Amino acid sequence: MVNVLFFAHLKDVVGKEEVSVEGNEWNVARLKEKIAADYGLEGLESVMTAVNEEFADDETILSEGDTIAFIPPVSGG
Amino acid sequence: MVNVLFFAHLKDVVGKEEVSVEGNEWNVARLKEKIAADYGLEGLESVMTAVNEEFADDETILSEGDTIAFIPPVSGG
Amino acid sequence: MSERYSRQTLFSPIGEEGQKKISSKHVLLIGAGALGSANAEFLTRAGIGKLTIVDRDYVEESNLQRQQLYTEKDVLEKLPKAEAAKRHCQDINGEVEVEAIIMDGTALSLEPLFAGVSLVIDATDNFETRMVINDLSQKHRIPWIYGACVGSVGMSFTIIPGVTPCLNCLLRSIPIQGMTCDTGGIIFPAVQMVVAHQAADALKILVEDYDAVRPGFSTFDLWRNQYQTMKVGRAKKSDCLSCGEAPTYPFLTLENATKTTVLCGRDTVQVRPPAPRKLQLEKLGSDLGGSGFTVKSNPFLLSVEKDGERMVIFSDGRALIHGTKDMVHAKVLYQRILG
Amino acid sequence: MSERYSRQTLFSPIGEEGQKKISSKHVLLIGAGALGSANAEFLTRAGIGKLTIVDRDYVEESNLQRQQLYTEKDVLEKLPKAEAAKRHCQDINGEVEVEAIIMDGTALSLEPLFAGVSLVIDATDNFETRMVINDLSQKHRIPWIYGACVGSVGMSFTIIPGVTPCLNCLLRSIPIQGMTCDTGGIIFPAVQMVVAHQAADALKILVEDYDAVRPGFSTFDLWRNQYQTMKVGRAKKSDCLSCGEAPTYPFLTLENATKTTVLCGRDTVQVRPPAPRKLQLEKLGSDLGGSGFTVKSNPFLLSVEKDGERMVIFSDGRALIHGTKDMVHAKVLYQRILG
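Chains as they are written, first to last, in my numbering: chain L, 1 to 77; chain V, 1001 to 1077; chain H, 2001 to 2339; chain Z, 3001 to 3339.
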C-alpha cells in the first residue's frame, strides 16, 4: 500500500486529505490513472507529484509505504 | 535512539539541524539535560518541545525512533 | 457587495455570505508595529466592519524597513503609530471604521476594549502583554491569534476558548531572556509569514468557519528553511489557571505586571518585573554588545547605552532607565531589550 | 549605513556587509499586481539599490482587497500599476531608485531588461510569461524566483542557473486550465505567504548567501492547513531545452507566444494560444458560471460575459474578445480567465 496526499482543491474533490491505496511497484502514471478513475479527478496529467517529499515524474516507481503528494500548480499572481 | 531537530538559532549553536542520540524510554527533561550538556545549549528549560509533531512536556516519555523538535518561543512583533 | 471584494467573495469558503459577516464584525488589534501594521492593512483591505488599533509608540526611521503602511513623512511628523496606521488605512478603504487608541496595553486598560469584539489579534512585542491578552480572551470568551517574530523566525497559534489549549498551557510561564527584534534583528519576510498565518485564521474566524482553523502551533525559520506545525490537543491542562476548570486569570492581577516608578528627584524610571528574574548578565551583555549597544558591566549589573539612551540592568531583572520621566517610554525600552 | 536599516543589519546573516550589497544591486520585478506590489514594497523597505517594475495593467477597485501600496485615489485616477507602485515606494524610501515600465512582458520586450540585473522576481499571472522569464534567466545566467497563488493556495521556487533545475524541468509543459484569481478568487494571506518565501530568498541572493537558498519547491494551502517543501534535485534534466546541455530556449521563439490580432473592421481582438489547447468547455463554462460570469454555450464554443466585457472561447483555446481594439487589454482578459 502507498499513501496519497491531496493538495489544495484536490482534497475537496476527493473529500479527504489522505488515502491509502494499492500502488507498490507501480509507476506514478499508473497510480494517477487509478486515482483519476476512482475519485473522478480531472487534469491529473498536469499535476506535480512528490514521492516522500521529492520530485517525481510519471516513470518513478513506487515502493511499499511511500507517500505520494499530488500538487496542482497555480498561475495567479 | 531518537532524532532531535533543532529549530532557529539552536541549529546554529549545535552546528547541525538534526542529531540521532540515545533517549529511548527517557523523559523529555532528561533528554534536555543531556543535550544541554553535550552541545552547550543554554535556556532549554524555556524551549517548547514537540515529539513526532505533537506538543510534549518535560514528563513525556520517549520511544525508539521518535523525532523530538526543540522550538524556542520568540516575543518580537 | 461591491466590486471591491469580488476576488474575496469568489473564494468559495468566504462567498457573499462570508463577506457580509466580515463587514459586520469588530476586531481588536493590539500593537501597530511590524505585525500590527500589516494586520491592520489586511483587515482594512478585507473590509472588516470596525477595527480598533491600540499602540503606545510613535513611528521611527528604524521601523520603515519592516512596518507596512508607514512612510518617511510619518517619521518626520513623529506620528503615533495607531494614528498613522489609521490615516493610511482610510486612504485604502474609506468604508472601514478605524479607531486609533494611543496607550500602553495593560490588564486594566485593555479589558474594556474586549467588550463586543469578535476577535483579538496579537501584534505586541512581549510575553507579558500576551499573557494578559490570553487571560482576557478566556474571561470574555473571545478568540485571539498569537503571532511573533525575530530574525528570520516566526510563529503563530490561534486560541479559541473552550476548544483549544491556551498560551498559558503551552508556555507555563513567561519564557526568559529570548532574542527580541532590537537584539536579534528582524527581516520583513518573517513578519509577512506570521501575518499570513494570522490573517488566514482571522478570516476563518470572521466567516465562522471554525473547522478550518489551523489545529496547531506553527513555527518557521525562513533563513534556515524550517517549517513545522505542532499538534496541541494534549497540551490542554484542566488545572490551567487561565483556561482550566477553576481559572483565576493570574495575569490580570497587579502582582503579575511589570511596575514602573519615576525615581524621586532624578530623571530616571525604575522598571521592575512581576517576579525576580535570574538574568545571565554575561550572556546578555555579549548579546547586546553584538547588537550595537555600548556595554559596561560588573558582576552585579550591566550598563548599556545606545542612541543616547542609557539603562542599567540588574540580575534580578530590575532596570533603571536614565534620562526620562516617561514611564511608558521606559517600559517600551525595557521590553525591547528583555522581551 | 543609516538607522533605517538597523534591524536588518542586526540580523547576522545580513549585517553591514550584506546591507552594502543590497544597496548596490538591481532587481527586475515583472508584474505589479498582488505579488508585485508586495514585493516592490519589501524591496523598497529593504533598501535595494535599483528596482525596475514592469506591468501592463492599471489599478482597479477589485485590486484593493489584496494588492499592497494601492489606494482608492489610484483607482479614481486609473493609474498604471507600475507608476502607482513607484510613487508609493518613493514615499516609503526616497533613497531607492525606482523605474516604472508600462508594457506587456514578452520575450522581445523583456530581454533587454535582463542586462545588468542581479535577480528577477516573478509576479506575473500566467505560465506563458513565466516560461519566457525562465528561458531568459538561463540564457543570461540570472536567478529568478517563481511565485504564484490562487484562492488560499500558493507556491514558490527559486531557480539558480547552473545549480537548480528550472521551471521547464519541473512542469515540462504549460499546465492546462488551472484556476486563476479571476475564476477561483484569492485571499490576501495567500499573497503574503508567497511573498514571504520570495522575499526571504531574494535577500539571500542579494547578500550572496547562496547556501541558504530554499532547496526545494514550497507549496501551501492556508485554508486547508497544508505545507510541503518538495526536494527537486532529481528533477534536473540534462536534455531540458531551457537549462540542459543543448538549450534552445523554446519560449523565446515567436511560435511559442500567444498571438493577438485586431479583426479587420470589427471592434474585436482574436487571441490565439501558441499551440491548440483541448479545453473542456463544459467544465470551464460551469466554473465561470460559478464565478459570476454569464455563460452561454454550444458544443463548439462558450460565450462569457462579465462587467460589460464579452468573450467567445473555442475548444482549441482560441478566443474573440469583443468591444476592444486594444491587443494588450485583450490578452490581459484572456489570461485572467485561462491562466
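Note that beta-carbon positions come from the ideal geometry of N, C-alpha and C, so glycine has one too.
Quick caveat, the model's predicted, so the values are computed rather than measured.
- Chain order gives the chain Z residues near residue 11/L as 3224, where near means a beta carbon separation below 7 Å.
- Spatial neighbours of residue 3099/Z in its own chain (CB-CB distance under 8 Å, excluding positions within 5 residues in sequence) are listed in chain order as 3050, 3051, 3052, 3053, 3086.
- Residue 3234/Z belongs to the set of residues whose beta carbon lies under 9 Å from a beta carbon in chain L.
- Restricting attention to 3268/Z, 3241/Z, 3213/Z, the CA atom closest to the CA of residue 3252/Z is found in 3241/Z.
- Contact check between the region 2270 to 2280 of chain H and the region 2308 to 2320 of chain H: three or more CB pairs, one atom from each, fall below 8 Å, which counts as touching.
- In the displayed model, residue 3272/Z falls within a strand according to three-state DSSP.
- Shown here, residue 2154/H sits in a strand according to DSSP, grouped into three states.
- The bridge partners DSSP lists for residue 3041/Z come to none.
- The shortest C-alpha to C-alpha distance from residue 2038/H to any of 2024/H, 2152/H, 2070/H, 2016/H is the one to 2070/H.
- For the 9 Å CB-CB criterion, residue 2027/H and residue 2117/H form a contact.
- Residue 1061/V does not reach chain H, its nearest Cβ partner there being about 13 Å away, counting only Cβ pairs nearer than 9 Å.
- Under the 8 Å Cβ criterion, the region 1015 to 1023 of chain V does not count as touching the region 2002 to 2016 of chain H, having fewer than three qualifying pairs.
- In the structure shown, residue 3260/Z falls within a strand segment according to DSSP collapsed to helix, strand and coil.
- Inclusion of residue 3171/Z and residue 72/L in the CB contact set at 9 Å is not warranted, their separation being larger than that value.
- For residue 2216/H, the nearest CB of chain V lies under 9 Å from its own CB, placing it at the interface with that chain.
- Interface annotation, residue 2086/H: not in contact with chain Z, CB-CB separation never under 9 Å.
- Contact between residue 3271/Z and residue 3325/Z is ruled out by a C-beta separation of about 13 Å, above the 8 Å threshold.
- Residue 6/L is bridged by DSSP to 70/L.
- Between residue 3240/Z and chain L, the shortest Cβ-Cβ separation is not below 9 Å.
- 3123/Z is the residue among 3218/Z, 3123/Z, 3183/Z whose C-alpha sits nearest the C-alpha of residue 3082/Z.
- Look at residue 1017/V here: in three-state DSSP terms it is coil, with no helix or strand label.
- Secondary structure of residue 2230/H (DSSP, three-state): strand.
- For residue 76/L, the neighbours in chain Z by C-beta distance under 7 Å run, in chain order, 3125, 3148, 3149, 3150, 3180, 3181, 3186.
- Between residue 2092/H and residue 3064/Z, the CB-CB gap stays under 9 Å.
- Taking C-beta atoms under 8 Å as the contact rule, residue 2158/H and residue 2201/H qualify, at a distance of about 4 Å.
- For residue 3217/Z, the uninterrupted beta strand (DSSP E) run begins and ends at 3217 to 3221, by DSSP.
- Your pair residue 2207/H and residue 2047/H does not check out as a contact, with CB atoms roughly 12 Å apart and the cut at 8 Å.
- Comparing C-alpha distances from residue 26/L to each of 62/L, 37/L, 4/L shows the shortest one belongs to 62/L.
- The C-beta of residue 1070/V has 16 or more other C-beta atoms within 10 Å across all chains shown, which makes the residue buried.
- Nearest to residue 3033/Z by alpha-carbon distance, out of 3192/Z, 3279/Z, 3212/Z, is 3192/Z.
- Close to residue 2153/H, with beta-carbon spacing below 7 Å, are these residues of chain V in chain order: 1008, 1074.
- Here residue 3231/Z has 3216 as same chain residues with Cβ atoms under 6 Å from its own Cβ, once five neighbours each way along the sequence are excluded.
- At a cut-off of 9 Å between C-beta atoms, residue 1056/V counts as an interface residue with respect to chain H.
- For residue 2231/H, the chain V residues whose C-beta falls within less than 7 Å of its own C-beta are 1053, 1054, 1055, listed in chain order.
- Residue environment: residue 3296/Z is assigned as exposed (fewer than 16 neighbouring CB atoms within 10 Å of its CB, all protein chains considered).
- With contacts defined as CB atoms closer than 9 Å, residue 3337/Z and residue 3312/Z fail to qualify as a contacting pair.
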